[in-house]
Amino acid sequence: MDMHRQTLTELCAGLDKGDFTSVELTQTLLDRVAAQDEKLNAFITVTSTEALAAAASADKARAAGNIGALNGLPIVHKDIFCTEGIKTTCGSKMLDNFISPYNATVVQKMADAGAVILGKSNMDEFAMGSSNETSFFGPVRNPWNLECSPGGSSGGSAASVAARLAPAATGTDTGGSIRQPAALTGTVGLKPTYGRVSRYGMIAFASSLDQAGMITRSAEDAARMLGVMAGFDERDSTSIDQAVPDYLAGIGESIKGLRVGVVRQHSDEGLEERTGARAKDAIAVLESMGATTVEVDLPNIDLSVPTYYVVAPAECSSNLSRFDGVRFGHRAENAEDLLDLYCRSRGEGFGDEVKRRIMTGAYVLSAGYYDAYYIKAQQVRQLIADDFKKAFADVDLIAGPTAPSPAFKLGDKVDDPIQMYLNDIYTIGANLAGLPAMSVPCGFVDDMPVGLHLVGPHFGEEMLLRCGHQYQQETDWHIACPEAFK
Ligand code: GLN
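Under my numbering, the first residue of the sequence shown carries the number 3, and numbering increases by one thereafter.
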């Protein structure tokens, strides 16, 4: 099979057997990026020189018998991860020429395991968005239909994996930014448990919700990557010191007896009928494989979007205060005084959605409204987390659709923030509760892919990955490739 069609796992076997070298593989994918990305705009930066150098050292290391878990495998990093010596923009004019002096822990760990970076992927500005349209570098297009959005904010990562420009990519997920684009592009997206993967060097949006994860074509590949990315990091105070299991070890086991929860309360208002039907079909496949379904109650789940849109803006208004044109970020020219410098630098550097979030955040944190909004939202957040906890007493995981519809047209929702926000109605709960969650391709609606969403209890990644992998043994939705990118 052509190299670009292979999964990480298949490529790894090919490198092991000596079918090709990492330099050959890397060159093939760089050529594809050069030929195809004009259509997609999935990359902000392509790092050809660095990639070929890293591939050459991976080949050398392999020859010397020094084979890391990702040795010689080309991947893409979302442009939110700091990469030493390589531009890191976070999709914003604010950081348009920021060259990080250090690597994010995720980047370093993957480099240590032998991964080759093809480039940095396009994303919504500061990861705020569900369509990739808030990027300063222009929207990303969905490989399944170039008029459609690939979802966001990790849209460039998802599009590059779906279009077979890269076998895998990193992403981040604050409210759904890995899982929703994975669903809309027919790829696999995993957001691990909060604290499982270090946030060090990952530009902060909402620190209590942000988590790094990956977009791949198979659950098996996600397991391979998570094993490298996960683990305690003393430079991230919210990183959890818990041993990293071998995520690949158990994925081959049957899901017989797995208790799958289906949420009774999810209001189906806004759920496109056939998208919901595909998720139901997928749950029926799990049942045919020996899983049992149980209805569960999440009585407060419909409050997750409004809760998130208080907590996330509050945290972002604080996190983004560092971009003042002095310590960090774009600096306006010819400022009259310090205040003018702040105002103009931020006014010029940030786009509309980011400004909207900062203003909302400053408002809900202000002295007069703090109790009414921020404190209240934190209380509701706790109720939602408690609901999940109760539900997981009866089930092993919770399943449903990842997003309410397949990919929408670029431009369709950009002027209606509420409609845009509602795209994350099924994903946000897992972020508020810190739970691991995954999207797996589960079919098509009018030729556009849709995803099955699986949420597990804290540190339930092994079980999610096993369920996803077993589902992919029974189905081949994840093998489908957009016609224009075969
Ligand atoms: N779409 C959501 C938002 O705009 C989630 C983004 C994310 O997960 N980074 O905030």
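Where a beta carbon is used, it is the ideal one built from N, C-alpha and C, also for glycine.
Assign residue 51 to buried or exposed, taking buried as 16 or more other Cβ atoms, counted over all protein chains shown, within 10 Å of its Cβ.
exposed
Beta-carbon proximity check, residue 406 vs residue 424, cutoff 8 Å:
yes
What are the partner residues of residue 383, as DSSP defines its beta bridges?
The partner list for residue 383 (beta bridge, DSSP) is empty, contrary to what the question assumes.
Integer Cβ distance of residue 170 from residue 216, believed to fall under 8 Å
6 Å
Need the endpoints of the beta strand (DSSP E) that residue 175 sits in, please.
171 to 175
Under the three-state reduction of DSSP, which class applies to residue 17: helix, strand or coil?
helix
With distances taken between CB atoms, is the gap from residue 318 to residue 208 smaller than 8 Å?
yes
Between the C-alpha atoms of residue 151 and residue 67, what's the straight-line distance to the nearest angstrom?
43 Å
Proximity winner among 279, 28, 146 and 267, relative to residue 488 (alpha-carbon distances)
146
Once DSSP output is grouped into helix, strand and coil, what is the label at residue 147?
strand
Are three or more beta carbon pairs between the segment 196 to 205 and the segment 231 to 238 nearer than 8 Å?
yes
Uninterrupted beta strand (DSSP E) stretches inside the segment 405 to 458 (no shorter than 3 residues)
439 to 447 and 450 to 457
Suppose only complete runs of 3+ residues qualify. What are the beta strand (DSSP E) ranges in the segment 44 to 125, listed by chain order?
45 to 48, 76 to 80 and 118 to 123
Tell me whether residue 377 sits in a helix, a strand or coil according to DSSP, three-state version.
helix
Just mark residue 428 as buried or exposed, buried being the case when its beta carbon has 16 or more other beta carbons within 10 Å.
buried
Go through its chain and collect everything with a Cβ distance to residue 265's Cβ below 7 Å, but skip five positions before and after it.
298, 300, 303, 400 and 402
Do residue 85 and residue 109 come within 8 Å of each other at the CB atom, strictly closer than that value?
yes
When you compare only the Cα positions, how much space is there between residue 138 and residue 254?
42 Å
Is it the case that the Cβ atoms of residue 252 and residue 40 are separated by a distance below 8 Å?
no
My assumption, with CB atoms under 8 Å, is that residue 1 sits in contact with residue 28. Please give the rounded CB distance.
This structure gives no information on residue 1, because the portion of the chain shown stretches from 3 to 488.
Any beta-carbon of chain C closer than 8 Å to the one on residue 219?
Here chain C cannot be found, since the structure has a single protein chain.
DSSP-derived helix/strand/coil call for residue 189:
coil
Tell me whether residue 130, by its Cβ, gets closer than 7 Å to a heavy atom of the ligand GLN.
yes
Please tell me whether, using a cut-off of 7 Å, the distance from the CB of residue 491 to the nearest non-hydrogen atom of the ligand GLN is below it.
Shown here, the chain extends from 3 to 488; a query on residue 491 therefore has no answer.
Should residue 187 and residue 153 be called a contact, given that it needs their Cβ atoms to be closer than 8 Å?
yes
Mapping DSSP to helix, strand and coil, what is residue 463?
helix
For residue 268, which of 38, 386 and 333 has the nearest alpha-carbon?
386
Could you tell me whether the Cβ atoms of residue 44 and residue 124 are closer together than 8 Å?
yes
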